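The structure under discussion appears below in the form of structure tokens.
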Amino acid sequence: MATPTTSFLRFLFFSVLVFLCTLDNLGFAFQPRELESKHLTHMHTLNVSSLIPSTTCSPSTKGSNKRASLTVVDKHGPCSQLNQDKVKAPTMTEILEQDQSRVNSIHARLSKKLGLNGLRASKATTIPAKSGSTIGSANYVVTIGLGTPKRDLTLMFDTGSDITWTQCQPCLKSCYQQKEPIFDPSKSSTYSNISCSSSVCSQLSSATGNSPGCSSSTCVYGIQYGDQSFSVGFFGKEKLTLTSTDVFNNFLFGCGQNNQGLFSGAAGLLGLGRDPLSLIQQTATKYNRVFSYCLPSTSSATGSLTFGKTASSSSAIKFTPLSKLTEGTSFYGLDTLGITLGGKKLSIATSVFSNAGTIIDSGTVITRLPPTAYSALKAAFKDAMKSYPLTSGFSLLDTCYDLSKNKTVLIPKISFSFSGNVNVDLDVSGILIIAQKISQVCLAFAGNSDDDSVGIFGNVQQKRLEVVYDVAGGRVGFGPAGCT
């Protein structure tokens, strides 16, 4: 029979035991929650349905309050005038084919310009490339005005090209189908041809990679984009209208009489490269060679292309110096130092990036990395995504997931480190890309064939970032949430 003393001791023993167990449980419960909270700060929560393109345009208001700003749209999205005829958009297979053709062209151009023996096309060149597809991957367009009276023309804008050109009547050889009426210089009071003897005619060699021609004393330009797509025509000058208050007389451009390629209804191309004939250099007096853009997060949203000081006024913009590796070329180079995924810096030697360098390009879709860097990124990404089912790869995209049974997913945040202590956090829209349907969603990166090929920071990874090109200052800046 238990005495009051033993009963009390037994009660005390069990009370202490329960208390210790409670502390133990609290301790074990607290630690995972703390770790989980820390873990979630390095993850994006992605609504899977946001990957599916919308059929309704949702324009952004950002950029509209800037004086010298043009609206940027995806040429195949519902916000584009080019899409009003419901022309069938290219498939993802075609987009990636076009993208690889562009990458091959960039590698070849830089190899020739820089004299780098190691530059070669990536392994994905086994994808069959279609004639004229290179320029087709420049998938963002803006509308400018040309001539007197002004005619609105939708042009693809491209930081990897220098000369601006549009198709012109009378299309002496060939013109492809475009949305707007083809520009007719004979109906403009401000158009004039450039003579063969003009000093600016000789500048075409550096801007196009081809020596200028001459026809009846008129300067003739010719430019080829990789795989057989081209524009040939008269070199002229005309009044360019960017906005109602930003008008430029005697703007030098190509008036195309023989044009071929997959231009998707656009009237031509707006060259934003570094050559003296580019738009940036021709408008230097007004804009001081500063411009910026924000690419929309989806094809149903809008972005902006802005010129001048207002493009770099935000304190949130962090600048990295332009790389010395690409001086003397059309391209804007970046010195990449590393990549961080899920809060952890990947173990990649800096020399892997500095070996061939990196360019930032508005026309390349998928970011290309040295294979050593891509392997590290892919391995870390797969580890962070191990709770989601892998599925087969798609074209050059080899890390894909079946997310058809998920409403939301957690994906690791990714950031790039550039010289000047600049860390660029990719937007959640800049990490994954839908291949065909939600059952095949892929990591939007690819590897080059070797570590000697130039890396390319593509436009998927630039989505929603404010990207500022201060060419006069020799730097490129990045800021978050530049557009919706």
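In mature numbering (1 follows the signal peptide of the UniProt record, and there is no 0), the protein residues as written are -29 to -1, 1 to 455. Positions of the beta carbon are idealized from the N, C-alpha and C atoms, including for glycine. Nothing here was measured: the structure is a model prediction, and the numbers come from that model.
Cβ pair residue i, residue j closer than 8 Å
i: glycine 48; j: serine 400; result: no
i: threonine 161; j: glutamate 209; result: yes
i: cysteine 139; j: phenylalanine 154; result: yes
i: threonine 212; j: alanine 39; result: no
i: aspartate 133; j: alanine 178; result: yes
i: threonine 125; j: alanine 238; result: yes
i: threonine 114; j: serine 159; result: no
i: proline 267; j: glycine 391; result: no
i: glycine 453; j: phenylalanine 290; result: no
i: glycine 244; j: serine 168; result: no
i: glycine 207; j: asparagine 164; result: yes
i: glycine 274; j: threonine 297; result: no
i: isoleucine 319; j: valine 442; result: no
i: leucine 53; j: glycine 236; result: yes
i: isoleucine 347; j: leucine 317; result: Sequence inspection shows alanine at residue 347; the isoleucine mentioned does not correspond to that position. Yes.
i: leucine 305; j: phenylalanine 416; result: no
i: leucine 403; j: leucine 11; result: no
CA nearest to the CA of residue i, picked from the options
i: serine 145; options: Lys208, Gly204, Ala178, Pro156; result: Gly204
i: valine 323; options: Gln432, Pro342, Ile337; result: Pro342
i: aspartate 369; options: Leu126, Ala60, Phe201, Gly418; result: Gly418
i: serine 76; options: Ser215, Met127, Gly180; result: Gly180
i: threonine 27; options: Ser51, Ala320, Asp421, Lys289; result: Ser51
i: serine 173; options: Leu248, Pro267, Gly334; result: Leu248
i: tyrosine 258; options: Phe224, Leu305, Thr216; result: Thr216
i: serine 358; options: Phe387, Tyr372, Ile288; result: Tyr372
i: leucine 308; options: Ser301, Gly299, Ser294, Ser169; result: Ser294
i: aspartate 148; options: Arg446, Asn229, Lys280; result: The question names aspartate, yet the displayed sequence has glutamine at residue 148. Minimum Cα distance to glutamine 148 is reached at Asn229.
i: threonine 32; options: Ser325, Asn326, Gly364, Leu276; result: Leu276
i: proline 183; options: Gly225, Ala350, Val43, Phe234; result: Gly225
i: alanine 255; options: Lys280, Gly274, Leu240, Gly236; result: Lys280
i: glutamine 432; options: Pro24, Phe387, Leu11; result: Phe387
i: phenylalanine 278; options: Thr42, Ala406, Thr62; result: Thr42
i: alanine 406; options: Phe365, Tyr440, Ala327; result: Phe365
i: alanine 344; options: Val218, Asn326, Leu403; result: Asn326
i: leucine 240; options: Asp421, Tyr111, Leu305, Asp70; result: Tyr111
i: cysteine 142; options: Gly429, Tyr303, Ser420, Gln231; result: Gln231
i: phenylalanine 222; options: Thr62, Gly299, Gly116, Cys185; result: Gly116
i: serine 186; options: Ser166, Ala60, Ser170, Leu175; result: Ser166
i: glycine 131; options: Thr137, Asn430, Ile404; result: Asn430
i: serine 82; options: Thr362, Pro451, Gly299, Leu403; result: Gly299
i: serine 157; options: Glu151, Leu11, Ser188, Arg122; result: Arg122
i: serine 29; options: Val44, Leu22, Thr16; result: Val44
i: histidine 13; options: Phe234, Thr189, Ile385; result: Ile385
i: valine 425; options: Lys150, Tyr303, Thr189, Pro360; result: Tyr303
Sequence-distant residues of its chain with Cβ nearer than 7 Å to residue i (five each side left out)
i: valine 19; result: Leu374, Asn377, Lys378, Thr379, Val380, Ile409
i: phenylalanine 352; result: Leu312, Thr370, Pro383, Leu414
i: threonine 64; result: Ser366
i: arginine 446; result: Phe290, Thr291, Pro292, Leu293
i: valine 171; result: Ile165, Leu223
Beta-carbon proximity list for residue i, same chain, < 6 Å, skipping 5 on both sides
i: glycine -3; result: Low per-residue confidence applies at glycine -3: pLDDT is 39, beneath 50, and the placement is therefore not dependable, though the value from the model is reported in the following sentence. Within the same chain, glycine -3 has no close Cβ partners at all.
i: glycine 89; result: In this prediction, glycine 89 has a pLDDT of 38, which is less than 50 and means its spatial position is unreliable; what the coordinates show is noted afterwards. Excluding sequence neighbours, glycine 89 sits near Asp423.
i: isoleucine 427; result: Ile330, Asp332, Thr335, Arg339
i: glycine 444; result: none
i: lysine 349; result: Thr370
i: proline 24; result: Ser270
i: valine 218; result: Thr212
Residues that DSSP places opposite residue i in a beta bridge
i: lysine 289; result: Phe449
i: cysteine 226; result: Thr137, Phe205
i: methionine 127; result: Val112, Leu240
i: histidine 15; result: Ile382
i: glutamine 231; result: Phe201
i: leucine 67; result: Its beta-bridge partners do not exist; DSSP assigns none.
i: glycine 418; result: Leu340
i: cysteine 265; result: Ser275, Glu437
i: glycine 304; result: Ile330
i: glycine 426; result: Thr329
i: tyrosine 196; result: Ser200
i: phenylalanine 387; result: Ile310, Val395
i: serine 145; result: Asn229
i: asparagine 164; result: Gly207
Closer than 7 Å: residue i CB and nearest the ligand NAP heavy atom
i: serine 263; result: In the structure shown, the ligand NAP is absent, as is every other ligand, since no ligand is present at all.
Own chain partners of residue i with C-beta closer than 8 Å, once the 5 adjacent residues on each side are dropped
i: alanine -1; result: Confidence in alanine -1 is poor, its pLDDT being 41 and thus under 50, which makes the residue's placement too unreliable to answer from.
i: proline 451; result: Ala287, Asp396, Asp398, Arg435, Leu436, Glu437
Cβ of residue i within 8 Å of any chain D Cβ
i: glycine 445; result: Among the protein chains of the structure shown there is no chain D, as only one such chain exists.
*Inspect the CB distances between the stretch 408 to 421 and the stretch 303 to 313 and report whether three or more fall short of 8 Å.*
By the Cβ test, the stretch 408 to 421 is not in contact with the stretch 303 to 313, since fewer than three Cβ pairs between them sit closer than 8 Å.
*asked:* Check whether the stretch 186 to 201 and the stretch 262 to 269 touch, using three or more Cβ-Cβ pairs below 8 Å as the test.
replied: By the C-beta criterion, the stretch 186 to 201 is judged not to be in contact with the stretch 262 to 269, since fewer than 3 inter-stretch pairs fall below 8 Å.
*Is the number of C-beta pairs between the stretch 381 to 399 and the stretch 434 to 445 that are closer than 8 Å three or more?*
Yes, the stretch 381 to 399 is in contact with the stretch 434 to 445.
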